Structure formats: structure tokens, C-alpha cells
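Sequence lines, in order, name chains A and B. In this text, residue positions in the first sequence follow our numbering: the first is 3, and each later residue adds one. In this text, residue positions in the second sequence follow our numbering: the first is 161, and each later residue adds one. What follows is a set of notes on a single structure, which appears directly below.
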Amino acid sequence: MTSHEHDSHDASHGHGEHAHMPFQAHHFDDPEQQFDAGKLGIWLFLVTEVLFFSGMFCAYALYRSLHPEVFTFASQYLNETLGATNTGVLLFSSLSMAWGVRCAQMRQRTGLVICLSVTLGCAAVFLGVKAIEYTHKWEMGLLPAGEYVSQFLQTSHHEGLSSWLYVLSAVPALCVVGFGIWYVLCVMSGNKQKAEVAGPFLVTALCYFLGVFIGIVFQNAEAAAHAKHETAAHASDSHPDHDQAEHTSDGHGEAPEQSAAAKLVSHVEPNSAPGAPTLAAVDQAGGAGVFFSIYYCMTGVHAVHILGGIAVLAWLLVRATKDHFNEEYFGPVDYVGLYWHLVDLIWIYLFPLLYLIK
Amino acid sequence: MSAVATKPTHSHYESNEADNFLISSKGFLSWALTLDHKRIGLMYLIGVMSAFFLAGILALVLRTELMTPDQWFLTTQQYNQVFTLHGAIMVFLFIIPSVPAALGNFLVPVMLGAKDVAFPRLNLGSFYLWVGGAIFFMAAMLYTGLDTGWTFYTPYSTQTRGPVVAATMGVFILGFSSIFTGLNFIVTINTMRPPGMSWFKMPLFLWATYATAIIQVLATPVLGITVLLLAAERVFHIGIFDPQFNGDPVVFQHFFWFYSHPAVYIMILPGMGIISELMSVHCHKSIFGYRFIAYSSIAIALFGFLVWGHHMFTSGMAEVTTIVFSALTFTVSIPSAIKVFNWLATMYKGTVQLNTPMCYALSFIFLFTIGGLTGLWLGALSVDRHLHDTYFVVAHFHYVMVGGTLVGFLGGIFHWWPKMTGKMFNDFWGLVSCGFVFVGFNLTFLPQFVMGSRGMPRRYARYLPEFQEMHQMSTVGAYLLGLGLFVALGVLLHSLRRGKKAPPNPWGGATLEWQCSSPPPYYNFQTSPTVNEPYDYTPLVYRDAERGWDYVQPESAPKHVPHS
Numbered sequence: 003m004t005s006h007e008h009d010s011h012d013a014s015h016g017h018g019e020h021a022h023m024p025f026q027a028h029h030f031d032d033p034e035q036q037f038d039a040g041k042l043g044i045w046l047f048l049v050t051e052v053l054f055f056s057g058m059f060c061a062y063a064l065y066r067s068l069h070p071e072v073f074t075f076a077s078q079y080l081n082e083t084l085g086a087t088n089t090g091v092l093l094f095s096s097l098s099m100a101w102g103v104r105c106a107q108m109r110q111r112t113g114l115v116i117c118l119s120v121t122l123g124c125a126a127v128f129l130g131v132k133a134i135e136y137t138h139k140w141e142m143g144l145l146p147a148g149e150y151v152s153q154f155l156q157t158s159h160h161e162g163l164s165s166w167l168y169v170l171s172a173v174p175a176l177c178v179v180g181f182g183i184w185y186v187l188c189v190m191s192g193n194k195q196k197a198e199v200a201g202p203f204l205v206t207a208l209c210y211f212l213g214v215f216i217g218i219v220f221q222n223a224e225a226a227a228h229a230k231h232e233t234a235a236h237a238s239d240s241h242p243d244h245d246q247a248e249h250t251s252d253g254h255g256e257a258p259e260q261s262a263a264a265k266l267v268s269h270v271e272p273n274s275a276p277g278a279p280t281l282a283a284v285d286q287a288g289g290a291g292v293f294f295s296i297y298y299c300m301t302g303v304h305a306v307h308i309l310g311g312i313a314v315l316a317w318l319l320v321r322a323t324k325d326h327f328n329e330e331y332f333g334p335v336d337y338v339g340l341y342w343h344l345v346d347l348i349w350i351y352l353f354p355l356l357y358l359i360k
Numbered sequence: 161m162s163a164v165a166t167k168p169t170h171s172h173y174e175s176n177e178a179d180n181f182l183i184s185s186k187g188f189l190s191w192a193l194t195l196d197h198k199r200i201g202l203m204y205l206i207g208v209m210s211a212f213f214l215a216g217i218l219a220l221v222l223r224t225e226l227m228t229p230d231q232w233f234l235t236t237q238q239y240n241q242v243f244t245l246h247g248a249i250m251v252f253l254f255i256i257p258s259v260p261a262a263l264g265n266f267l268v269p270v271m272l273g274a275k276d277v278a279f280p281r282l283n284l285g286s287f288y289l290w291v292g293g294a295i296f297f298m299a300a301m302l303y304t305g306l307d308t309g310w311t312f313y314t315p316y317s318t319q320t321r322g323p324v325v326a327a328t329m330g331v332f333i334l335g336f337s338s339i340f341t342g343l344n345f346i347v348t349i350n351t352m353r354p355p356g357m358s359w360f361k362m363p364l365f366l367w368a369t370y371a372t373a374i375i376q377v378l379a380t381p382v383l384g385i386t387v388l389l390l391a392a393e394r395v396f397h398i399g400i401f402d403p404q405f406n407g408d409p410v411v412f413q414h415f416f417w418f419y420s421h422p423a424v425y426i427m428i429l430p431g432m433g434i435i436s437e438l439m440s441v442h443c444h445k446s447i448f449g450y451r452f453i454a455y456s457s458i459a460i461a462l463f464g465f466l467v468w469g470h471h472m473f474t475s476g477m478a479e480v481t482t483i484v485f486s487a488l489t490f491t492v493s494i495p496s497a498i499k500v501f502n503w504l505a506t507m508y509k510g511t512v513q514l515n516t517p518m519c520y521a522l523s524f525i526f527l528f529t530i531g532g533l534t535g536l537w538l539g540a541l542s543v544d545r546h547l548h549d550t551y552f553v554v555a556h557f558h559y560v561m562v563g564g565t566l567v568g569f570l571g572g573i574f575h576w577w578p579k580m581t582g583k584m585f586n587d588f589w590g591l592v593s594c595g596f597v598f599v600g601f602n603l604t605f606l607p608q609f610v611m612g613s614r615g616m617p618r619r620y621a622r623y624l625p626e627f628q629e630m631h632q633m634s635t636v637g638a639y640l641l642g643l644g645l646f647v648a649l650g651v652l653l654h655s656l657r658r659g660k661k662a663p664p665n666p667w668g669g670a671t672l673e674w675q676c677s678s679p680p681p682y683y684n685f686q687t688s689p690t691v692n693e694p695y696d697y698t699p700l701v702y703r704d705a706e707r708g709w710d711y712v713q714p715e716s717a718p719k720h721v722p723h724s
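Given below as C-alpha cells:
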């Protein structure tokens, strides 16, 4: 949906030779009017996007104010390092995008192609990291509320990569293969313009796997850190919360996992309202899943917008290689840049609200 | 007759007949892939009228079942499905797009003297989103029968086995159609006004369209996320509307009505814009209080976002909250009332032509006033406690949406029909249709006010025998209303075959759309029209020969010749 209107927001008709700007649309009086119209149009579209997300921010505000302890507890399952990495990646992509607009305005074709490629690459890295985060949670049973598996009841701990990761990575893998073949064919046939498109597309698809790699590295680092904490804790404290967690008789290997949840609970201030259920009871009843429902909705819709952005950026890249943009006509780059900055901005809000709750 | 020897100036905007937008290019694809706003507007017109026809038949089915207190031919399950379908098709496929998409698309560029809207391809995209949403939506509902009501309230909508997800995804797609139309109009009106047309020299129809577009752009995304969350609730069990998972079903109502209340202003504002045009032109008098009407349109758009809670007075909100919403509801009625007074004042000492468009306009004022006033009763907390979910509410919103928007829409169709099609319609039968619509409509819905205040609940297939007489009156009225609408359709279709050729300006309007031929050429204007005062009729001269009016340049304008 998001790529669709960007196709139409600019007024390029590819009319061939014109006395003026080649992409002048006939219903506008002059290029300035066309540019102003497009600018207003994209800003209005961004306003609609803000309102679209606002519903979920409202739900977040509502449910967090009603159940703060659930949010504090569940937020600990989000890997802050990965979140921070994604934040840095998107911020960098905004920089490359803005630089790209400048390149377009100054008719620096190669610069523009490079900047767009970097932006695309960063977007792919973001999605790769997200794939790791999501699949890891799915393995742990950290699902939307109706499917949520209480972490106090969670008895198995999955090591290694989730099988879901292979499902999610199927399309990027196909892209790597497809774009790789296409790139090789372009280079062999000497079609420079197409190669300039195929190359960055290939790099973008590979960047997804770079993101997956980064995700694995940091996920393992966190798991190792946790394990170290738990062995230390296991040795020293007397498991005050064990009574609340159901024991299985699987032996020593399971105990650290159960006390992991209990350990996390101890970081959370209990709901002090009289008669309020304990966090463990809430979690076992599925109540803690509301955090993850909101988490998946918000980051999921955001990821859909990243995908839309990738589509639109790819279209811009194709046009850039055809040398469409110059000091008189750079509107589409400008507009897509604005969209990309908004997608980045939304993530800037999501990161602390979801990952940094203490 | 004019004594001043001025050259008739209409010839400078009569364009080549072959350039007429209806025939300038031929073939299915020239329409299916058109970027011409006029063709898109006509395609929308056909689309929304088809949806209206279908939902209207469903209404007649409902009313027929309600002739008897007990079951006649619909089970309660079927009845629920029929009213859901009626409401959803009417709201999402007909009334929200109707005026902006069918009339607005045609008129906005022409009233601005422009060649097209700002984003023609987005415009076509909006149309196909409408078509796609319509197909989706109706397939979903006709397939297994949705019975949640068009409001999709949780928890029923999250638990019922009907095709809620498919229907809500249809709504999602339709929402984007609406958003892009609004976006297009805002940019068009902001950036493509001709030199000399300041904001306060725009026709009021454009002010109304602009205010509507603001609402479309701001409110519809919230509907989008609402239906998305509802679908996610059903598919992924996110639980945000489910108390078992710390969710809350009333949150759905808040999200839903945050869009749907402004939506009713999307429905009425364009209708009001039409009436401003009709009243002025057919009274041949400058609109009274132009700035007040313009500002009121914007005020309605903005205030309309503050009152959604009045749909939820009985849902268990805190008392203070209900008081605040009630007070705001009363204030939002003020701009609408201002407009009604201004329209009436426009008539004073005007030369009133009682033709079909004017008749519909007068009906609008009467019926909308009743609808608006009954809204105030519902806005009063103590009264609403008794009237909520009764037929009083049903009557109220039908008065504003049917008696208001539909009647205004019909008036606009008749008014601009000569411009869009180049044909004049038979005014006598047009007046007949107006009469049937007016009488039939009142007979349908006035009894419903009475029934509702006496306790008849809404959305009920069976009822107590004491209500039967009024239900029967209502059903007879509904058939009369349907008859009137068929007469109107007949008049319009007949004119396409047998109607006289329309002059560029049959009614004597001063806005720019009357400065091009009827129908316009595909490029809209032979020569750029002269920007003028939109409601100053002194430069207009009636030409007997062509049975139409002529806009004579003010410097050489003769004395005003009244139309007799």
C-alpha cells in the first residue's frame, strides 16, 4: 500500500524531450507548482501515517498505565543491544538518505546511487536483526496474548537458531540468488545501467543476512551474560520465588530457566494494590502477553513500513541509474527521503518505549 | 433585452464538440485507465449509485419484514445479516465517497479553472481502491453472512464465526481510497488556485470539500488501525479487546468512534457545500454570510474530532467524561445552525426559481434541521439514557444522512447534470421525484422518532404489537421513498436520450464551472476563465436563444436582466 501512492505522488510521465523539465506534468502551470504540490502531498501522507500509528501508541499508553508491572517485567525479554543497534542503523540510513537528496539536487548521479544503496542496505540489516529477535521470541513462547506461554511455565529452552528463521529468510535467500544471477548476466552482457541496479539489489539482499549475523552475535552474547548471572545467582541465593513457579522433574538443567523468569520478576516492583495478583500469577494467566501483543503490533506495522520503504527506494534507485534527477527535478528523492525520516522517527519512539522500560 | 451592444461572450468558452470529455477518446481502456478527473468522477458516480441501489433494496427487505411483529420471511439471524449489510454498504461504499468522489472529483478542478487535480494517477488509484474494497467487502459479507452490525463492536465481533476479518480488510482498503481522495483535494485547493482566487473568493463548495478532506486525512487512518487491530485480535489473539488478557472491549468503541464520528461530518459537509451553491444560484442572490459559512465548515471539521464519546454515553465511562462529551456535542451543533440561518437569509429578497435542484435544497434545509435538532436530544445525557439504541437514534441519523446528505447529493446531481452530461432533464418529473422523496422520507422516519421514544429498540427483528401501526407507516413510507428515487433515476436516464442540449450556463451560476461548455472538453477550458466573485450575479445576462445565461465581462456589463 505504501509504495503505491509514492508511485503517483510525483508527476513523472517520461515524456521525452521538453523545452523545460522533462518530467513536467501537463496539469501544472510550472515546475514550482508541481514541486510544491508534491511536497504538500507527501507531508499530508506523513500526517496520516502518524495518525495510523497513534492508535497503537494510545493502546500502549493505556495498558502501560493500567499494568505497569507487566510492562516492566516483559520488557526485560527484549534485547537492548539489538534494539540499540537497529536504532543506530536506521539513524545512519537517514543520514545516507539525506545525503542522497543532496546528491540528487547537485546532479551527482554516482553519489545518489551509492547513497540510495547504503540506505537500502541499512534497511535490510534492520530487517535481519528483527528476524532474529522475532524468531527467538517465538521459540520462547513470547507470543501475542492469546498464544502467550507463561515464562514461569516455560520449561524448555531452545538452543541455536529457530526453525522459523529459515522460513523468514527464504525470500531474502531467493533474492540473493536471483539478483546474483542477474548481476552476473548484466556484467557479462556489458549492460552498465542494469548492472548498476542489480549490484545494489544484490548487496541489499546480502545485508539482510548481515543483520541476521549481527543478531545472532548479540543474542548469544546476551544469553552468555544471562547464563553467567544465573550460575552466580543459583549458587548464592535461596530461590525465594520457586514456590510460585511450577517445578518439573527434569533435573538441574531446567532450574536456571525457571529461576530466570523468577529472577526477572525480582527486578520488577510488584503491583502494590491490595489484593493484586502476583506477577507470576498474572503471567501464568496470560496477562503479561498484552505487552507482547503491543510489541508485535507496533514493531510489525513498523516493519511493514520498512518493507514499503525498501520497495520505493528500489524504484528510486532504478530511476537514479537512468539519470532522471537533477537540480531542476529532484522531487521524488526529496519526498521518499521525508517518508524514510518518518519511519526512522517512529522507531526512535518505539525503541525507548519498548526496550528501555526499567 | 440588453441595450448595450456587447458581443456575446459565451462563444469564447463554447468548445469544439469533438473535444467533449465524454467522447474525446473511445474504448474501454480510455475509461479504465483514464487520468481525467471528470471521467473518474463519472465512474465513481455509477459505482456509488450501484452500491446505493443494492443497500436500498436491503433496506426495503428489512422494512418489509417489519410489517408484522412476528417472523414473516426472515429469521432473526438473517435479519441481523441484512441490517449489517445495509449499514456497511451505505456507510462505506455509498455515503462517505458519494459527494466528494462523484461530484467533487468532477467539480473541484473546474471550479478552480484548473486542468485536473494535483495527483491524477492517485485519483485513479483511489477509484480502484474503492472498487477493490467494494468487491472484497461484499464478497465477504455475501459469502457467509456477517451479523455484527456495521459498527463491529467487540466482544461479539472478536468471537463470532462470521467473515469479520475479510469485511474489515475491505473497510481498510476503502479507507485508503478515502484518504487519498482527501489528500488530493487538499493539495489541489492549496496549490492550484488560479491567480486572483484568494481563499475567500473560492466557491463555498470548495470550502466544504476542503474541510471534508481535512477530516478524511486525519480521521480515516485511525479507522485503519482500528480494523487492523480487530483483525489481529481475531487472527493472532492479541487480546487488546479481551479482559481475559488485560484488554478492554470498550477501547474498541473509543477507537472506532474516534473515526466514525468525524466520518459523519465527512458525510454531511459536502452536502452542505452543495446547498450553499444551490441556494445562491437558484435564488439568484449572493450567499448570505460567506465567511461565516466558510469558517463554520472548518469549525465543524475540527470540533467534530472532540465528540466521539456521545456514541458511548451508556458504555460505562466516568460521569465527568460523559458531561464533557455532552457539552462539546452541544457546541458542535452551533456552526451547523449558523449555516442553516445563512441559507435561509440568502432566500430573503432573492428571485427563487422553484426548479428541481432548488426543491431538493429546500428539502435538505427542512430535513437536516430536524435531524440536527434531534441530535441535541441525544446529546443530553439524561435523555440519551432512554433513547440510546432505540429507533429514535435510527430516525435521527437517517434524517441527517438521507434527509441531509442524500437529498443534497440528489440536488447537486440535478444541478450539475447539464454540465456533466450536456443534457437538460425534465423539470416537472424532477419535481415529482422530489415530492415523493420528501413525503416518503418523512412517512418512513417520523414514526420512528415516536417509536423510539416509546421504547422500540433498534436492530430488532421482532417487536411488541403496540408498535405495529407505526412500523407499517414506516414501511409504506419506505416504498414511497424508493418510488421517488426511481422516478429521479428515470428522469436522469431519460434526459440522456431525449434531453435538450444544455447551454454552458443553464441556471445562471457565477462560479467558474459555468464558464466552459456543457459537457466540458477534456482539457476543461477553451480559454482560461476569468476569476471573479463567485456569488455576484450582476454580470450575468439571460440569452433567450440558448435558454441559458451568459457571463459578460464586468466592464461592459449591461443592467441585470431578471429571468422571467
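Positions of the beta carbon are idealized from the N, C-alpha and C atoms, including for glycine. None of these values were measured; they are calculated from a predicted model.
Query, Result
"Quick check on Y702/B: does DSSP put it in helix, strand or coil?", "strand"
"Please work out which residues of its chain come closer than 6 angstroms, Cβ to Cβ, to G669/B, disregarding the five sequence neighbours upstream and downstream, and give them in chain order.", "V441"
"For Q237/B, count neighbouring C-beta atoms within 10 Å of its own C-beta (all shown protein chains included) and say buried if the count is 16 or more, exposed if not.", "exposed"
"Kindly list the residues whose CB is nearer than 7 angstroms to the CB of T224/B, restricted to its own chain and excluding five residues on each side of it in sequence; keep chain order.", "T635"
"Can you check which of these residues, F294/A, A227/A, L170/A, is closest to A147/A by C-alpha distance?", "F294/A"
"Can you have a look at A140/B and say buried or exposed, based on whether 16 or more other CB atoms are within 10 angstroms of its CB?", "Outside the modelled stretch of chain B, which goes from 161 to 724, sits residue 140/B, for which no answer is possible."
"Can you give me the start and stop residues for the beta strand (DSSP E) that Y711/B sits inside?", "708–711"
"Since G123/A is in the alpha helix (DSSP H), which residue starts that stretch and which ends it?", "111–142"
"Go through the stretch 621–660 of chain B residue by residue and report every complete run of the alpha helix (DSSP H) that reaches 4 residues or more, in order.", "628–658"
"If we define contact as Cβ-Cβ less than 8 angstroms, is H397/B a contact residue for chain A?", "yes"
"At a CB-CB cut-off below 8 angstroms, which residues of chain B make contact with D38/A?", "T351"
"Report the residues of the stretch 317–343 of chain B with a CB closer than 7 angstroms to any CB of chain A, ordered along the chain.", "F336, I339, F340, L343"
"Among the residues of its own chain, which have a CB less than 6 angstroms from the CB of F598/B, if the five just before and after it don't count?", "S523"
"Output needed in chain order: residues of the stretch 410–435 of chain B with a Cβ under 9 angstroms from some Cβ in chain A.", "V411, H414, F415, F418"
"Ignore the nearest five residues each way along the sequence and tell me which others in E673/B's own chain have a CB closer than 7 angstroms to its CB.", "L267, V270, M271, K579"
"Assuming I375/B contacts P422/B (C-beta within less than 8 angstroms), just tell me the rounded distance between them.", "5 angstroms"
"Whose C-beta lies closer than 8 angstroms to the C-beta of L53/A among residues of the same chain, with five residues either side of it excluded?", "none"
"Helix, strand or coil: which one does DSSP assign to Y331/A?", "strand"
"Could you run through the stretch 58–82 of chain A and flag, in chain order, every residue whose CB is less than 9 angstroms away from some CB of chain C?", "Checking the listed chains, one finds no chain C in this structure; the protein chains it contains are A and B."
"Look at the alpha carbon of Y559/B and the alpha carbon of F605/B, and state the distance between them as a whole number of angstroms.", "7 angstroms"
"Run down chain B in chain order and give the residues with a C-beta less than 9 angstroms from the C-beta of G291/A.", "H397, I398, G399, F405, N406"
"Considering only DSSP beta bridges, list what T550/B is partnered with.", "P617/B"
"Rounded to whole angstroms, what is the Cα-Cα separation between L284/B and P607/B?", "43 angstroms"
"Count the other CB atoms within 10 Å of the CB of V179/A; is the residue buried (16 or more) or exposed (fewer)?", "exposed"
"Distance check for Q413/B and H249/A, CA to CA, integer angstroms please.", "At H249/A, the pLDDT of 40 sits below 50, so the modelled position is not reliable; the number obtained from the coordinates is stated separately. One C-alpha to the other measures close to 42 angstroms."
"Which runs of the beta strand (DSSP E) fall wholly inside the stretch 565–591 of chain B and span at least 3 residues, in chain order?", "none"
"Determine, for S98/A, whether the minimum Cβ-Cβ distance to residues of chain B falls below 8 angstroms.", "no"
"Interface residues of chain A around L378/B at Cβ under 9 angstroms?", "V49, T50, L53"
"Look at S436/B and L364/B and say whether their C-beta atoms are less than 8 angstroms apart.", "yes"
"Mind listing the chain A neighbours of T179/B? Cutoff is C-beta to C-beta under 7 angstroms, in chain order.", "Strictly speaking, residue 179/B in this sequence is Asp, with Thr absent from that position. Those within 7 angstroms of D179/B in chain A number zero; the least Cβ separation is about 15 angstroms."
"What residues in its chain sit with their C-beta under 6 angstroms from that of E706/B, if we drop five residues either side in the sequence?", "P663"
"Can you pull the DSSP bridge partners for P681/B?", "N180/B"
"Give the straight-line distance between the Cα atoms of Q78/A and L378/B, rounded to the nearest whole angstrom.", "35 angstroms"
"Apart from the five residues just before and just after H246/B, which ones in its own chain have a Cβ nearer than 7 angstroms to its Cβ?", "A215, L218, A219, L222"
"Taking C-beta pairs closer than 8 angstroms, name the residues in chain B that A133/A reaches, listed in chain order.", "Neighbours of A133/A on chain B: none; closest Cβ ~18 angstroms, over 8 angstroms."
"State the start and end residues of the unbroken alpha helix (DSSP H) segment that holds R281/B.", "280–304"
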